[in-house]
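In this note's numbering, the protein residues as written are 59 to 201. Report on one structure; see the data block that follows.
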């Protein structure tokens, strides 16, 4: 139940954040907005770390598959692409395409067993679900 609720909250926060970041970008620049997002997120993480446990930062260097440490770099590009897509398409269309892209890539990661994820078998119903999502975007965008 917590996973379901967390996913719903995450989606809502991502939509709100995208709108906020797009507005900041209009008043500053893409790189200033993106930098502020990453910097303010860092400050929140440092504060949370100070108040919740202070695990060893050195544990980062013991992480297997060092490429997984690139999540922050990817996060910067996520921020940039969300800002650009929302600025061009509007929040609803951008989020629909973002979610479909997330779903498609996540399913490919599962099918191929990439990045340490347990490999899953292909299921037609999941492909059908993806096609229904795409049809939903077409219907939503239809004028």
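Note that CB positions come from ideal geometry on N, CA and C, so glycine has one too.
Distance CB(residue i)-CB(residue j) smaller than 8 Å
{"i": "residue 152", "j": "residue 143", "result": "yes"}
{"i": "residue 88", "j": "residue 141", "result": "yes"}
{"i": "residue 82", "j": "residue 91", "result": "yes"}
{"i": "residue 96", "j": "residue 145", "result": "no"}
{"i": "residue 165", "j": "residue 177", "result": "no"}
{"i": "residue 149", "j": "residue 73", "result": "yes"}
{"i": "residue 154", "j": "residue 195", "result": "yes"}
{"i": "residue 174", "j": "residue 123", "result": "yes"}
Span of the alpha helix (DSSP H), counted from its first residue to its last, around residue i
{"i": "residue 165", "result": "149-170"}
{"i": "residue 100", "result": "88-110"}
{"i": "residue 74", "result": "60-85"}
Where residue i falls, given that 16 or more other Cβ within 10 Å makes a residue buried
{"i": "residue 79", "result": "buried"}
{"i": "residue 187", "result": "exposed"}
{"i": "residue 110", "result": "exposed"}
{"i": "residue 126", "result": "exposed"}
{"i": "residue 137", "result": "buried"}
Helix, strand or coil at residue i according to DSSP, with G and I counted as helix
{"i": "residue 184", "result": "helix"}
{"i": "residue 199", "result": "helix"}
{"i": "residue 121", "result": "coil"}
{"i": "residue 131", "result": "helix"}
{"i": "residue 143", "result": "helix"}
{"i": "residue 193", "result": "helix"}
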